[in-house]
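Before any comments, here is the structure.
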Amino acid sequence: MSSDDDGGDGAPLSPDEAFAVLGNEIRMGILRALADADGPLPFSELRERVGTRDSGQFNYHLGKLTGHFVRQTEEGYDLRRAGDRVIQAVLSGAITDAPVLDPVEVEDPCIHCGAPTVVGFREGYVRHYCTECTGTYGEVEVPVGAAGEDQADGDGEELGFLGRMALPPAGVQGRTPTELVETTSVWGILDFLAVARGLCPRCSAPVERAVSTCKDHGTAGQVCDRCDNRYAVIQRTRCTNCPYDSRAPFVLFCLAAPTVLAFLGERGVDPLTDWTAVDWTEDVEGTDPFEARFTCTVDGDAITLTVDDGLEVVDVATRRDG
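Here you go:
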């Protein structure tokens with residue numbers, strides 16, 4: 052564990068230097084032992100927990116970590132925040148595990164047609180499908196068969212793709228498929244809230260946002276034959292620091308607007324778990340410069356956001372049913 056008083060940030064490291072420091076089994080063992088401890092550990096106890104007999108060798112590797120990943124105090128050795136983050140990444144399973152959940156039906160109806168849906172997990176992504184309609188992104192072939200087996204082309208069924216969301220493998224462990232859908236919903240909306248405020252949800256650096264618009268979008272409420280998307284306005288987000296790069300319908304980022312959060316709360320909609328059940332429509336007024344209206348409707352009541360070329364909300368209007 053690490054203490055609240057980190058005693059400074061330690062010497063900065065370049066990414067290459069950090070990878071070089073961590074590329075050793077003993078050093079990773081030191082970080083894991085400190086993470087499992089209830090407080091600072093003296094040198095001898097830490098060496099015993101790691102299981103290294105050679106005191107000189109252990110001292111050498113501990114010295115490589117001390118300053119940036121580990122701090123030394125009068126009580127012993129403890130993790131700095133950087134060391135905490137390394138262990139969190141390992142224990143999340145994101146860099147160690149590769150579980151597979153083949154698509155299975157869940158107690159979560161399609162947000163578009165109310166039909167049964169199925170959820171699966173593979174290669175770090177939760178994927179959600181509708182069994183009847185074309186979903187949000189059109190029909191895709193979904194592999195069927197034993198978990199982890201590669202499927203030949205054509206060996207599957209066509210399902211409506213509702214979307215995918217990156218989730219650390221730890222989020223899959225110990226949860227039913229239905230619970231996995233709710234977990235992914237919460238994880239996803241936290242991503243959207245961060246991005247909408249200009250923060251990378253992975254490293255907290257600034258992000259660059261841009262929208263693209265299908266110029267000849269198909270019938271509202273259906274997947275467009277031209278762009279294979281139910282929504283015409285798609286936002287691409289790229290981090291200025293790390294590899295984070297994502298695309299999603301712009302309506303999802305409208306959930307970060309305080310007026311929308313208040314609107315949903317007043318109507319008993321939990322923005323963390325029920326946001327997928329909200330009905331959104333869009334009306335593109337122009338593309339150069341960009342301007343569009345996005346309307347959220349709940350039980351006949353509606354709130355409309357007007358968004359400008361800077362992707363800022365410039366007007367809000369509400370309408371009550373009756």
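Residue 52 is where the sequence shown starts when you use the numbering used here, and the numbers rise one by one after that. Beta carbons: idealized from backbone N, C-alpha and C, even for Gly.
Excluding residues up to 5 positions away in sequence, Arg289 lie with their Cβ nearer than 6 Å to the Cβ of Asp296 in the same chain.
Annotated as distal: Val121 and Leu73, with beta-carbon spacing of 8 Å or more.
When the five nearest sequence neighbours on each side are left out, the beta carbons in the same chain lying within less than 6 Å of the beta carbon of Gln123 are those of Thr117, in order along the chain. With 16 or more other CB atoms across the displayed protein chains lying within 10 angstroms of its CB, Val137 is buried. Going by DSSP, Ile77 is part of the alpha helix (DSSP H) stretching over Glu76 to Asp87. Burial check for Ser236: the Cβ neighbour count within 10 Å reaches 16 or more, so the residue is buried. Around the C-beta of Phe345, 16 or more other C-beta atoms lie within 10 Å, and the residue is accordingly described as buried.
In its chain, beyond the 5 residues on either side, Gln286 and Arg287 have a beta carbon closer than 8 Å to the beta carbon of Ala261. Secondary structure of His179 (DSSP, three-state): strand. Remark: three or more beta-carbon pairs, one from each stretch, lie closer than 8 Å, so the stretch 206 to 222 and the stretch 173 to 189 are flagged as touching. The beta carbons of Val358 and Ala343 sit closer together than 8 Å. Thr310: member of the alpha helix (DSSP H) spanning Pro309 to Glu317, first to last residue. Residue range Tyr128 to Leu130 is occupied by the beta strand (DSSP E) that includes Tyr128. With fewer than 16 neighbouring CB atoms inside 10 Å of its own CB, Glu125 falls in the exposed class. Relative to the Cα of Asp148, the nearest Cα in the group Thr168, Arg131 and Gly222 belongs to Gly222. In the three-state scheme derived from DSSP, where H, G and I count as helix and E and B as strand, Phe109 is classed as helix. Contact between Arg173 and Val151 holds, since their C-beta atoms are separated by about 5 Å, short of 8 Å. For Cys290, the pairing in a beta bridge is given by DSSP as Val258. According to DSSP, Glu233 shares a beta bridge with no other residue.
The stretch 268 to 279 makes no contact with the stretch 217 to 232: fewer than 3 CB pairs, one atom from each, lie closer than 8 Å.
Under the three-state reduction of DSSP output, Val329 falls in the coil class, being neither helix nor strand. Burial is judged here by how many other beta carbons sit within 10 angstroms of a residue's own beta carbon; Asp129 has at least 16 and is buried. Cα atoms of Thr264 and Ala299: separation of roughly 12 Å, rounded to the nearest angstrom. Taking the Cα positions, Thr338 is about 16 Å away from Val365. About 7 Å separates the beta carbon of Cys347 from that of Phe314, a gap short enough to meet the 8 Å contact definition. Per DSSP, Val302 lies in no alpha helix (DSSP H) segment and is marked neither H nor E. The three-state reading of DSSP puts Asp366 in strand, counting E and B together. Looking at the backbone, the Cα of Val170 and that of Asp153 are separated by about 8 Å. If you draw a 10 Å sphere on the C-beta of Phe70, you find fewer than 16 other C-beta atoms in it, and that means exposed. Unbroken beta strand (DSSP E) runs of no fewer than 3 residues, entirely contained in the stretch 131 to 165, are found at 152 to 157, following chain order. Residue pairing by DSSP places Arg122 opposite Asp129 in a beta bridge.
Looking at the DSSP output, Ile285 shares a beta bridge with Ser263 and Pro300.
In the three-state reduction of the DSSP assignment, Val246 falls in the helix class, which pools H, G and I.
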